[in-house]
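Enquirer:
Residue numbers (the working numbering): 1 to 84.
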């Protein structure tokens, strides 16, 4: 939960535009991220706030925070197993 609060503080909104996180967190260009969002292939749900096809995709700060926390936990577990 702390990660999602930090994301809300950084982006100043509970829903973050995909355009602002695609390169930094997913290593995808905006065009690639749009295609993956349309096919539900991103690691977090992306959605539009209204039914317009022109509306930008956004991601919930909570979902993004949960994903980051999960990635960190997996990396930490892998690291701990490698320590002899």
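Each residue gets a CB set at the ideal place from its N, CA and C atoms; glycine is no exception.
1. Say whether the region 45-63 touches the region 8-21, bearing in mind that this needs 3 or more beta-carbon pairs closer than 8 angstroms, one atom from each stretch.
2. So, are the CB atoms of residue 44 and residue 79 less than 7 angstroms apart?
3. So, is residue 5 buried or exposed, given that buried needs 16 or more other C-beta atoms within 10 angstroms?
4. Among the residues of its own chain, which have a CB less than 7 angstroms from the CB of residue 63, if the five just before and after it don't count?
5. Is the Cβ-Cβ distance between residue 69 and residue 3 less than 7 angstroms?
6. Who are the near neighbours of residue 7 in its chain, counting only those whose CB is closer than 7 angstroms to its CB and skipping five residues on each side?
7. Put residue 60 into one of helix, strand or coil per three-state DSSP.
8. In chain order, what residues of the same chain have a beta carbon less than 6 angstroms from the beta carbon of residue 42, not counting five sequence neighbours either side?
9. Taking 8 angstroms as the limit between beta carbons, can you name the residues of its chain near residue 10, skipping five residues before and five after?
Expert: If we stick to the structure as given:
1. yes
2. As a first step, residue 44 must be located in the chain shown, where it is residue number 44. As a first step, residue 79 must be located in the chain shown, where it is residue number 79. Contact flag unset, no.
3. Your numbering for residue 5 matches position 5 in the chain shown. Flag for residue 5 reads exposed.
4. Walking along the chain shown from the start, residue 63 turns up at place 63. These residues qualify, in order along the chain: 44, 45.
5. Translated into positions along the chain shown, residue 69 becomes position 69. Translated into positions along the chain shown, residue 3 becomes position 3. Yes, these two residues count as a Cβ contact at 7 angstroms.
6. Counted from its first residue, the chain shown places residue 7 at position 7. Only 16, 61, 64, 65 meet the Cβ criterion.
7. As a position in the chain shown, residue 60 is number 60, starting the count at 1. Of the three classes helix, strand and coil, the one that applies to residue 60 here is strand, per DSSP.
8. Position 42 of the chain shown holds residue 42. Same-chain partners within the cutoff: 36.
9. Position 10 of the chain shown, counting from 1, holds the residue named residue 10. Excluding positions up to five away in sequence, the list is empty.
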